[in-house]
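Residue numbers for the sequence shown follow this note's numbering, so the first one is 35 and each next one is one higher. Yeah, the Cβ is synthetic: ideal placement off N, Cα and C, and Gly gets one too. Have a look at the structure below, then the notes.
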Amino acid sequence: PKPAPKKPAAMQQRRRSSASATSNNNSNNAKHAELIANAAAEWTGLPGLRQNIGNKFMELLVGRREPLLADGMNADAIDQLLGPRAAEIESSLWQHVKGEKKPYTDKARSLVFNLRKNIGLTDQIIL
35 PKPAPKKPAA MQQRRRSSAS ATSNNNSNNA KHAELIANAA AEWTGLPGLR
85 QNIGNKFMEL LVGRREPLLA DGMNADAIDQ LLGPRAAEIE SSLWQHVKGE
135 KKPYTDKARS LVFNLRKNIG LTDQIIL
């Protein structure tokens, strides 16, 4: 029997890096979930709507974690900033609209949309 043809080195390397990327994504996703869960636990005393909005802001900020790490930022420092920043945004928004539900949800939606579009501003808020 003939031995199976060897796959090119580039193909083997691609498979290894793909597996490594999947492993990194899983660990990043686990860290993101942990950060969001920790923040959500701190907001348990708030009404459900405020918890949901706070979680949206937290998810948005956590989504910027990896690019900041890639830029050389300290992971522990970033992790400690994310929850308080999301809470500050939510609290400021609640105070700004004086607790009125419709303006609160409208403004929250607008902020999330604009912060997703303006990553420079989002990074400034985190840092």
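Candidates the options: closest to residue i by CA position
{"i": "S125", "options": "I112, T139, D113", "result": "T139"}
{"i": "R119", "options": "N63, E68, L161, K65", "result": "L161"}
{"i": "A142", "options": "A104, L83, I159", "result": "L83"}
Endpoints, alpha helix (DSSP H) assigned at residue i
{"i": "D140", "result": "135–151"}
{"i": "W128", "result": "109–130"}
{"i": "P101", "result": "99–104"}
8 Å contact criterion, which residue i and residue j should meet: CB distance rounded
{"i": "M92", "j": "L115", "result": "With 8 Å as the limit, M92 and L115 do not qualify as a contact, their Cβ atoms being about 11 Å apart."}
{"i": "I70", "j": "N89", "result": "7 Å"}
Minimum Cβ-Cβ distance from residue i to chain B less than 8 Å
{"i": "H130", "result": "As a matter of chain content, chain B is missing from the structure shown, which is built from one protein chain."}
Would you check if there are 3 or more beta carbon pairs closer than 8 Å linking the stretch 126–135 to the stretch 96–111?
-> no
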